[in-house]
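Residue numbers (the working numbering): 76 to 363.
Heads up: the structure comes next, in structure tokens.
And the structure:
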């Protein structure tokens with residue numbers, strides 16, 4: 076389940092934490108083992124007061140010295156296990172917060188490059204040389220920043236609230252739904268009576284949303300095959316016409332056939348994109 080995105084303005088500065096206390100009734104579980112509440116009596120600090128998150132992680136890394144041959148946590152006494160779970164969850168929250176804060180900068184960089192460097196190949200080459208991120212992560216950050224309006228003064232506050240509410244992983248999938256009200260509808264359906272929605276539930280609701288709105292429904296394989304055959308036929312006709320372009324009439328016929336070919340390719344491109352999106356959603360839902 077995606078966790079909340081912290082609302083702290085400074086992601087790399089330490090945040091005060093109060094120790095977790097036993098709540099009334101938080102006794103041993105029915106199995107006789109410590110409950111999660113009891114196991115987390117000691118709060119986990121991922122940062123130290125002077126150095127922030129990065130310094131805290133570095134300190135923890137150097138202090139990590141598992142005894143020889145002992146890698147797994149004690150399953151009978153799970154206090155250390157739950158302490159480590161809390162640690163990685165806190166770091167995850169800070170990483171999500173950092174992604175939100177970085178997204179507008181990444182989008183500004185990409186838009187500037189696109190406005191000043193001609194051609195997609197040259198643009199990618201510039202980014203590859205100067206931005207030390209892989210293109211998938213660059214794309215995710217730009218999609219999120221664009222969809223949630225993080226560069227728009229009037230939309231930014233609402234977009235940030237959405238990101239906090241959904242969590243980064245869910246927000247990335249919901250970013251492909253452009254309407255904030257429709258994103259909220261999908262989220263509410265996915266979470267049901269719970270405060271948060273699971274990633275898999277969000278994917279399933281996005282799929283149902285597409286079916287309800289008839290958006291990006293994939294064409295049957297047979298139909299895609301027919302579209303490919305049709306496009307091939309137009310290419311064959313274009314090849315025949317191009318054999319003799321010595322007269323204006325023949326050139327006009329070739330141009331008309333080219334226009335029909337382009338329309339057919341546009342339909343085929345849309346069908347393939349719809350099938351790709353649907354397959355991606357189904358694959359993600361199956362693996363979560």
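For glycine and all other residues, C-beta sits at the position ideal for the given N, C-alpha and C.
Since the structure is predicted, the reported quantities are computational estimates derived from the model, not experimental observations.
Cβ-Cβ separation, residue 246 to residue 219 (assumed contact under 8 Å), whole Å: Stepping through the chain shown from its first residue, residue 219 is reached at position 144. Stepping through the chain shown from its first residue, residue 246 is reached at position 171. By a beta-carbon distance limit of 8 Å, residue 219 contacts residue 246. Their separation comes to about 6 Å.
Endpoints, the alpha helix (DSSP H) within which residue 180 is located: Indexing the chain shown from 1 puts residue 180 at position 105. Residues 154-191.
Which of helix, strand or coil DSSP assigns to residue 225: In the chain shown, the residue the question calls residue 225 occupies position 150. Correct three-state label for residue 225: coil.
Three-state class that DSSP yields for residue 151 in the structure shown: As a first step, residue 151 must be located in the chain shown, where it is residue number 76. In this structure, DSSP gives residue 151 a state outside helix and strand, which the three-state scheme calls coil.
Runs of alpha helix (DSSP H) lying entirely within the stretch 267-312, each at least 4 residues, in chain order: Qualifying alpha helix (DSSP H) stretches, in chain order: 274-288.
Rounded separation between residue 377 and residue 146 - CA only: Outside the modelled stretch of the chain, which goes from 76 to 363, sits residue 377, for which no answer is possible.
Option nearest residue 252 by Cα separation, candidates 278, 299, 344: Position 177 of the chain shown, counting from 1, holds the residue named residue 252. When each option's Cα is compared against that of residue 252, the closest is 278.
Cβ-based neighbour list, residue 148, same chain, cut-off 8 Å, excluding 5 preceding and 5 following: Taking the first residue of the chain shown as 1, we reach residue 148 at position 73. Scanning its chain for C-beta atoms nearer than 8 Å, with the 5 sequence neighbours on each side dropped, one finds around residue 148 the residues 155, 156, 159, in chain order.
Backbone secondary structure at residue 209 - three-state DSSP: Taking the first residue of the chain shown as 1, we reach residue 209 at position 134. Coil at residue 209, not helix or strand.
Cα-Cα separation between residue 101 and residue 164, rounded to whole angstroms: The sequence position of residue 101 within the chain shown is 26, counting from 1. The sequence position of residue 164 within the chain shown is 89, counting from 1. Model confidence at residue 101 stands at a pLDDT of 42, short of 50, so the residue's coordinates are unreliable; what they give is reported in the following sentence. One Cα belongs to residue 101, the other to residue 164, and the distance between them is close to 22 Å.
Residue range of the alpha helix (DSSP H) that includes residue 234: In the chain shown, counting from the first residue as 1, residue 234 sits at position 159. Counting along the chain, the alpha helix (DSSP H) containing residue 234 begins and ends at 231-241.
Beta-carbon spacing of residue 286, residue 264 below 8 Å: Here the question's residue 286 lines up with position 211 in the chain shown. Here the question's residue 264 lines up with position 189 in the chain shown. Contact: no.
Beta-carbon gap between residue 217 and residue 181 smaller than 8 Å: For the purposes of this step, residue 217 is taken as the residue at position 142 of the chain shown. For the purposes of this step, residue 181 is taken as the residue at position 106 of the chain shown. For residue 217 and residue 181, yes; Cβs fall inside 8 Å.
The stretch 233-246 contacting the stretch 197-211, beta-carbon criterion three pairs below 8 Å: Too few Cβ pairs lie closer than 8 Å, so no.
Which listed residue (335, 303, 301) has its alpha carbon closest to that of residue 313: By one-based count along the chain shown, residue 313 stands at place 238. In terms of CA proximity to residue 313, 335 leads the group 335, 303, 301.
Euclidean distance between Cα positions of residue 192 and residue 211: As a first step, residue 192 must be located in the chain shown, where it is residue number 117. As a first step, residue 211 must be located in the chain shown, where it is residue number 136. Their Cα atoms are separated by approximately 20 Å.
Spatial distance of residue 328 from residue 297 (CA atoms): The residue you call residue 328 lines up with position 253 of the chain shown. The residue you call residue 297 lines up with position 222 of the chain shown. Looking at the two C-alpha atoms, the distance is approximately 30 Å.
Inter-residue Cα distance where the pair is residue 323 and residue 184: Taking the first residue of the chain shown as 1, we reach residue 323 at position 248. Taking the first residue of the chain shown as 1, we reach residue 184 at position 109. Whole-angstrom Cα-Cα distance: 47 Å.
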